[in-house]
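Chains as they are written, first to last, in the numbering used here: chain R, 1 to 283; chain G, 1001 to 1287.
Heads up, the thing below is written out as structure tokens.
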């Protein structure tokens, strides 16, 4: 006969073992759920057309798909366009959004709540119908099919989101330092420049990368408003897919090209990004 | 709170850009929504017709269908995202070496463009050839006849899957943050009182997570109700009109049928719905 205390211990260790099993199985399920599609696109990019529709992970790898993208679809140029657009978007978004967010975070502003809601609400206007007004606007300034046009369009999206993210971040910075600097005779611009901005660097990096990803992945306007001179990599992806008899191996290769830079960036800001999104909610 | 005129200097550039690129165009669209403008007839609007475009919308079966599809799509996405999110949060709450690594992966799907997500899922769902189709046919042989994207229900489901693939993990991270903010002693007290894990979860954890779950749900609602990219890349609105969201319907009216007046009215209707929703959202975030 085993005595009751050993029995209890055995029971406890079985329970522990069981919860460890559940924990690890759950982890495996999560990893499969999150990573499997990425994994599948990644390996399909190196498959030959004959292999791409077979559910096998053993195949003769090839770089042919990437060669086709750069040779026939001008992907080097498309990636370059996307990069330039995103860099300009970030460079313009950050200072403007930082100024706006700072004003909304520290100053008394009439109808502030309404303003914040309005900035957010502007993002939910159906983008499709804005294509026509934009087309008219850009034609007036002779900006059709230019990088500049896409930069401007992306700003309408990145600035509002960045203001929200940065305001949440700045709200958490202590205002006392600024008040005492003000008393000591520092100008308001000086405070922004020498106290707030250095403290906001993590928030600025997060916001900058978030804007970069947003602009890189923008699809509708890039599709409807670009031509030969300003086409982005995402539109290139659509062109690769075409209408029928989709070359899935080339689609996957193009997918890799547009996806990898974004995965790296998102990985870099993962911690701050979630905090930024939930900032207002947790308090 | 300070109150000098410097704030206007700070806000001016942003406001200028928003007025020129968002507010003015929205007023233009609002103005167009009261006019007849079929581009196939002439390149300029064909005169004011009052509320005709709005009245027409509510008599248009395609519009009502797209309203329903958008609603079904949005709720489906929110529902599954939250299930996935809560599952992830509860799993990762227990910290372990692997849990930390898994946590770092969760942001990935969100960074992938919707365009690519749509194509990838379409590729993986190809009947008899796609990897998801192959795996599901293996485990559920009775479903091997289903052509996923040609079935009204499943097409909507998979379009939603391409979205909750990203929102589930992201929501999970957000809910995990809230979970870690809950005072540990509450769980210990429940344990001392002899509550089972499941009862602790349903009676204590979930109610405490409710505010964050609501925030996640509303974020998802706002993002998925303007869905366009996935419809274009996965289904083209089909089979029939089973996956034609409001935004895609507007696209079809504006750029396939070229009825810009009607498209503008539809846009205004969608905007009013969404402003109402973002009002709810901001109430939750700001109060």
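Idealized CB from N, CA, C, for every residue including glycine.
If you're wondering where the values come from, they're calculated on a predicted model, not measured in any experiment.
| query | result |
| --- | --- |
| Looking at the secondary structure, which residues open and close the alpha helix (DSSP H) in which residue 369 (chain R) lies? | The structure shown does not extend to residue 369 (chain R), since chain R is modelled only from 1 through 283, so no value can be given for it. |
| Could you tell me if residue 1165 (chain G) is buried or exposed, where buried requires 16 or more neighbouring beta carbons within 10 angstroms of its beta carbon? | buried |
| The alpha helix (DSSP H) that contains residue 211 (chain R), what's its start and end? | 201 to 217 |
| Can a CB atom of chain R be found closer than 8 Å to the CB of residue 1007 (chain G)? | yes |
| By Cβ distance below 6 Å, which residues in the same chain neighbour residue 280 (chain R) in space, the five residues on each side in sequence not counted? | Because residue 280 (chain R) sits at a pLDDT of 45, beneath the cut-off of 50, its placement in the model cannot be relied upon, and the point is left open. |
| From what residue to what residue does the alpha helix (DSSP H) around residue 1188 (chain G) run? | 1184 to 1192 |
| Using a Cβ-Cβ cut-off of less than 8 Å, list which residues of the segment 221 to 252 of chain R approach chain G; keep chain order. | 224, 234, 237, 238, 241, 246, 248, 251, 252 |
| Return the residues of the segment 15 to 27 of chain R that lie within a Cβ-Cβ distance of less than 9 Å from chain G, sorted by chain order. | 19, 20, 22, 23, 24, 26, 27 |
| Is the distance from the Cβ of residue 234 (chain R) to the Cβ of residue 1113 (chain G) below 8 Å? | yes |
| By DSSP, does residue 1259 (chain G) sit in helix, in strand, or in coil? | strand |
| Within its chain, find whatever has a CB closer than 7 Å to the CB of residue 44 (chain R); leave out the 5 residues flanking it on each side and keep chain order. | 52, 248, 249, 252 |
| Which residues does DSSP pair with residue 107 (chain R) in a beta bridge? | G:1002 |
| Around the Cβ of residue 217 (chain R), are there at least 16 other Cβ atoms within 10 angstroms (buried) or fewer (exposed)? | buried |
| Roughly how many angstroms separate the alpha carbons of residue 158 (chain R) and residue 1022 (chain G), rounded to a whole number? | 12 Å |
| Just to confirm, is the Cβ distance from residue 90 (chain R) to residue 212 (chain R) under 8 Å? | yes |
| Between the segment 1049 to 1083 of chain G and chain R, which residues of the former have a C-beta closer than 9 Å to a C-beta of the latter? | none |
| Nearest chain R C-beta to residue 1169 (chain G) closer than 8 Å, yes or no? | yes |
| Where are the alpha helix (DSSP H) runs, 4 residues long or more, that stay fully inside the segment 26 to 86 of chain R, in chain order? | 64 to 72 |
| Within the continuous alpha helix (DSSP H) that includes residue 1133 (chain G), where are the two ends? | 1131 to 1139 |
| Can you find a C-beta in chain G that's less than 8 Å from the C-beta of residue 108 (chain R)? | yes |
| For residue 221 (chain R) versus residue 127 (chain R), is the C-beta spacing smaller than 8 Å? | yes |
| Could you tell me the distance, in whole angstroms, from the CA atom of residue 60 (chain R) to the CA atom of residue 40 (chain R)? | 15 Å |
| Please confirm whether residue 1003 (chain G) has its beta-carbon closer than 8 Å to some beta-carbon of chain R. | yes |
| In chain G, which residues lie less than 7 Å from residue 55 (chain R) when you measure between Cβ atoms? | 1131, 1134 |
| In whole angstroms, what separates the C-alpha of residue 282 (chain R) from that of residue 143 (chain R)? | With a pLDDT of 41 at residue 282 (chain R), under the threshold of 50, the predicted position of this residue should be treated as unreliable, and no value is reported. |
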